[in-house]
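Position 51 (the sequence shown) corresponds to 51 in the UniProt record's numbering; numbering is contiguous.
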Amino acid sequence: MCVDSFRVVTASYDLSLRVFTWKKEQNKDLSLESRYHLLGGSHMFSRGFTHVACDYASIVASVAAKDGKDVLKAYSFNA
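Here it is in C-alpha coordinates:
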(Lines of atoms letter the chains of each structure in order from A and count residues from 1; the text may use other names and numbers.)
(Lines give C-alpha, C1' and ligand atoms only; values in the text may rest on other atoms or scores of the structure.)
Protein backbone atom coordinates (compact mmCIF):
# COMPACT_ATOMS: atom_id res chain seq x y z
CA MET A 1 0.00 0.00 0.00
CA CYS A 2 1.22 3.50 -0.85
CA VAL A 3 -0.33 6.56 0.76
CA ASP A 4 0.36 10.22 0.09
CA SER A 5 -1.59 13.46 0.41
CA PHE A 6 -3.31 12.95 -2.95
CA ARG A 7 -3.93 9.20 -3.44
CA VAL A 8 -3.84 5.71 -1.96
CA VAL A 9 -2.68 2.72 -4.01
CA THR A 10 -3.37 -0.84 -2.86
CA ALA A 11 -1.93 -4.06 -4.29
CA SER A 12 -4.03 -7.23 -4.19
CA TYR A 13 -3.21 -10.93 -4.34
CA ASP A 14 -5.12 -11.06 -7.63
CA LEU A 15 -2.30 -8.94 -9.13
CA SER A 16 -4.45 -5.85 -9.47
CA LEU A 17 -3.79 -2.33 -8.25
CA ARG A 18 -6.55 -0.09 -6.98
CA VAL A 19 -6.15 3.67 -6.93
CA PHE A 20 -8.17 5.91 -4.63
CA THR A 21 -8.07 9.68 -4.16
CA TRP A 22 -8.86 11.64 -1.04
CA LYS A 23 -12.18 13.49 -1.07
CA LYS A 24 -13.17 16.19 1.40
CA GLU A 25 -16.74 15.71 2.57
CA GLN A 26 -19.13 18.56 3.38
CA ASN A 27 -18.52 18.04 7.10
CA LYS A 28 -14.76 18.43 6.37
CA ASP A 29 -13.98 14.76 6.98
CA LEU A 30 -11.83 12.94 4.44
CA SER A 31 -12.95 9.82 2.60
CA LEU A 32 -11.49 7.74 -0.21
CA GLU A 33 -13.00 7.74 -3.69
CA SER A 34 -12.21 4.84 -6.04
CA ARG A 35 -10.59 6.00 -9.30
CA TYR A 36 -8.90 3.10 -11.11
CA HIS A 37 -8.67 -0.68 -10.96
CA LEU A 38 -5.60 -1.83 -12.87
CA LEU A 39 -5.62 -5.53 -13.72
CA GLY A 40 -2.27 -7.20 -13.23
CA GLY A 41 -2.00 -10.65 -14.79
CA SER A 42 -2.19 -14.37 -14.14
CA HIS A 43 -1.47 -16.34 -10.96
CA MET A 44 -0.28 -19.17 -13.19
CA PHE A 45 2.99 -17.34 -13.79
CA SER A 46 3.27 -15.15 -10.71
CA ARG A 47 3.37 -15.25 -6.91
CA GLY A 48 2.09 -11.68 -6.55
CA PHE A 49 3.50 -8.24 -5.84
CA THR A 50 6.64 -7.99 -3.72
CA HIS A 51 6.97 -4.18 -3.69
CA VAL A 52 4.83 -1.24 -4.78
CA ALA A 53 5.95 2.40 -4.82
CA CYS A 54 4.09 5.46 -6.02
CA ASP A 55 4.28 9.21 -6.24
CA TYR A 56 2.05 11.93 -7.67
CA ALA A 57 2.73 10.85 -11.26
CA SER A 58 3.36 7.10 -11.34
CA ILE A 59 3.18 3.62 -9.80
CA VAL A 60 5.98 1.07 -10.01
CA ALA A 61 5.33 -2.51 -8.89
CA SER A 62 7.57 -5.57 -8.69
CA VAL A 63 5.91 -8.91 -9.48
CA ALA A 64 7.54 -12.16 -8.31
CA ALA A 65 7.42 -14.72 -11.12
CA LYS A 66 7.23 -18.45 -10.37
CA ASP A 67 10.06 -19.15 -12.82
CA GLY A 68 12.38 -16.61 -11.14
CA LYS A 69 12.06 -14.04 -13.94
CA ASP A 70 10.52 -11.21 -11.93
CA VAL A 71 8.72 -8.39 -13.74
CA LEU A 72 8.67 -4.66 -13.07
CA LYS A 73 5.37 -2.98 -13.99
CA ALA A 74 5.05 0.78 -14.37
CA TYR A 75 1.98 2.96 -14.73
CA SER A 76 1.80 6.73 -15.18
CA PHE A 77 -1.08 9.04 -14.39
CA ASN A 78 -2.33 11.50 -16.99
CA ALA A 79 -3.72 14.81 -15.80
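Built from N, CA and C at the ideal position, the CB exists for glycine as well. Keep in mind it's a predicted model, so treat the numbers as computed, not measured.
A distance below 8 Å between beta-carbons, with the five flanking residues on each side excluded, links LEU39 to the following residues of its chain, in chain order: LEU15, SER16.
No Cβ-Cβ contact shorter than 8 Å links LYS23 with SER34. Nearest to LYS69 by C-alpha distance, out of SER12, ARG47, ARG18, is ARG47. As a beta-bridge residue in DSSP terms, PHE49 pairs with VAL63. With contacts defined by Cβ atoms closer than 8 Å, PHE6 and TYR56 form a contacting pair.
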